[in-house]
Amino acid sequence: MELKGKVALVTGASRGIGAEIALGYARAGAHVVLTSRDEERMQAVAEQIAAGGGSSSVFRLDVTEYAEVGRVVNRTVGELGRIDVLCNNAGVNFANGPVAEIPPERFANVFAVNTAGLYACCYAVLPHMIAQGYGRIVNVSSASAFMCQPGSAAYAGSKAAVNALTAVLAKEVREHDILVNAMSPGAVRTDMNPTADTHPVEAVPTAVWLAALPAEGPTGRFYRFMEELPMLPEHDRDFMSGPSGSR
Ligand SMILES: NC(=O)c1ccc[n+]([C@@H]2O[C@H](COP(=O)([O-])OP(=O)(O)OC[C@H]3O[C@@H](n4cnc5c(N)ncnc54)[C@H](OP(=O)(O)O)[C@@H]3O)[C@@H](O)[C@H]2O)c1
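Remember, my numbering sits 451 above the position in the sequence shown when you count from 1.
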């Protein structure tokens, strides 16, 4: 089992992709710390983990309550002794529309969860991972980060920022055997994307692989179904005007 003996904290573990990743980490042998705002739904996931012979803890956590993030991480380390894996999965996508129509408050609310919430979780776990000389951080991002579809400024921007943060943090902590990667789960059927065809369980192998990377594994990269993706928007030369190479 790739994660035997590890402690793995998953944000947004109440449903959708986060619940499947939590179940996948438990099947891989980790003790999973389930976090989200919905304790009832997390208890149902915890029961599924127990039914499969795994173990988990449940902590209510809104990732935008930044002080609370630190308290939950400290409680995890206090009770379980360590934190090996952080899967930053919590995310929202509720401000779709043209920039001319989406007020800045809605834009900022998406960033508060997808980007600043993820940052807060990294900030809280890093002292523990650095002290123990080991950590794996898996940031659930999106191909929206480089697709730049009209109407997706808030969501795409928040995920492009996650990818940039992933690349920066990877360089900062490499010497401590902390590997930081981003992943796209693909377009999967969840409350966020109810018309997609793919089941969220399809995202699990990539999430487990990144959580269990050996010390010489990749860091600062972006994957979907274990294949590398571009981190950030590439020049759309058919669309962009101006001399090439201009800034
Ligand atoms: N579905 C797709 O096609 C797709 C594609 C690319 C990327 N993604 C990414 O995959 C991740 C999971 O998305 P999903 O499709 O599983 O969405 P979902 O079914 O809507 O689930 C979202 C999860 O995030 C949690 N969450 C939202 N706001 C939170 C907050 N403030 N604090 C803590 N948890 C919060 C929710 O938990 P509670 O409401 O219980 O707190 C829930 O567990 C997101 O980062 C999303 O951007 C999804």
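Note that CB positions come from ideal geometry on N, CA and C, so glycine has one too.
Sorted by chain position, which residues of the same chain lie with C-beta nearer than 7 Å to residue i's C-beta, five sequence neighbours on each side aside?
i	result
Ala-594	Ser-635, Arg-675, Leu-680
Val-639	Ile-468, Ala-647, Thr-649, His-650, Pro-651, Glu-653, Ala-654
Ala-470	Ala-464, Val-496
In this structure, how does DSSP classify residue i when only helix, strand and coil are distinguished?
i	result
Gly-548	coil
Ile-534	coil
His-579	helix
Gly-586	strand
Asn-644	coil
Arg-698	Residue confidence for Arg-698 is low, a pLDDT of 43 falling below 50, so the modelled location carries little weight; the figure read from the coordinates is stated next. In this structure, Arg-698 counts as coil in the three-state DSSP scheme.
Asn-539	strand
Val-659	helix
Beta-carbon within less than 6 Å of residue i's beta-carbon, same chain only, minus the 5 sequence neighbours each way: which residues are those?
i	result
Arg-557	Ala-546
Lys-455	Gly-480
Leu-630	Arg-587, Leu-664, Gly-668, Thr-670
Val-484	Leu-460, Ser-508, Thr-527
Spell out the partners DSSP gives residue i in its beta bridges.
i	result
Glu-678	Arg-675
His-482	Val-458, Ser-506
Ala-654	Partner(s): none; Ala-654 has no beta bridge.
Ser-487	Arg-511
Could you tell me whether the Cβ atoms of residue i and residue j are closer together than 8 Å?
i	j	result
Asn-590	Asn-539	yes
Lys-457	Ala-477	no
Leu-512	Val-523	yes
Tyr-574	Asp-628	no
Met-598	Ala-607	yes
Asn-644	Ser-609	no
Phe-673	Ser-592	yes
Gly-475	Ala-541	no
Met-682	Ala-618	yes
Pro-554	Gly-602	no
Val-624	Ile-581	yes
Chain B beta carbons: is any one of them nearer than 8 Å to that of residue i?
i	result
Ala-464	Looking for chain B here will not work: only one protein chain is present.
Between which two residues does the beta strand (DSSP E) harbouring residue i extend?
i	result
Ser-593	Looking at the DSSP string, Ser-593 is not in any beta strand (DSSP E), and its letter there is neither H nor E.
Ala-633	629-635
Considering residue i, what are the terminal residues of the alpha helix (DSSP H) in which it resides?
i	result
Leu-616	604-624
Ala-567	Ala-567 -> no alpha helix (DSSP H), and no H or E assigned at all.
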